[in-house]
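Following: one structure in structure tokens, then a few remarks.
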Amino acid sequence: MPILKTDEEIKKVLENSKTVAVVGISKDPSRPSYFVSEAIKSYGFKLYFVNPKYAGKEILGEKVYKSLLDIPDEIDIVDVFRRPADVVFTAEEALKKGFKTFWFQPGTYNPEVAEELNQKGYNVVIDKCMKVETQRLLKK
């Protein structure tokens, strides 16, 4: 799949995904990673949180993992809340773990990583908030 841009493409990904790994989760309710996760969880997605700082603790009732590689289940969407320079490491882990869609939240876009994942056949969503797209495209 290419870099996904249309509502139809993004809606299809959301409808066909069950698990989301949120990389860069924060325990601070004012941070986007927290309130975006809270919103998408309410749509029935199974969330897995990744942040070495909080590994072994719980946020929003879900265990926090040190790494994507520690998540015991398959991942449909890797939802990224990291600086663009740090996304290289996240993508490397995601490729080892396996996933279907790599979602760059606004402010996280790394063009080299996006193009590499696109070339390897992965779905890529760029600079769109998963909370906004989920609320806009899925019925609750």
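Its first residue numbered 2, the sequence shown is counted upward by one per residue in my numbering. Glycine residues also receive a C-beta, built at the ideal position from the N, C-alpha and C atoms. All of these numbers come straight from a predicted model, not from anything done at the bench.
In the three-state reduction of the DSSP assignment, Leu61 falls in the coil class, being assigned neither a helical nor a strand state.
In the same chain as Phe46, and ignoring 5 residues on each side of it, the C-beta atoms closer than 6 angstroms to its own belong to Val21, in chain order. If you check the CB distance, Glu75 and Gly99 come in under 8 angstroms.
Around the beta carbon of Val126, 16 or more other beta carbons sit within 10 angstroms, so the residue counts as buried. Annotated as proximal: Glu39 and Leu61, with beta-carbon spacing under 8 angstroms. Excluding its 5 nearest sequence neighbours in each direction, Asn52 has C-beta neighbours in its own chain below 7 angstroms: Gly25, Ile26, Val65, listed in chain order.
Following the DSSP letters along the chain, one finds Asn119 inside the alpha helix (DSSP H) bounded by residues 112-120.
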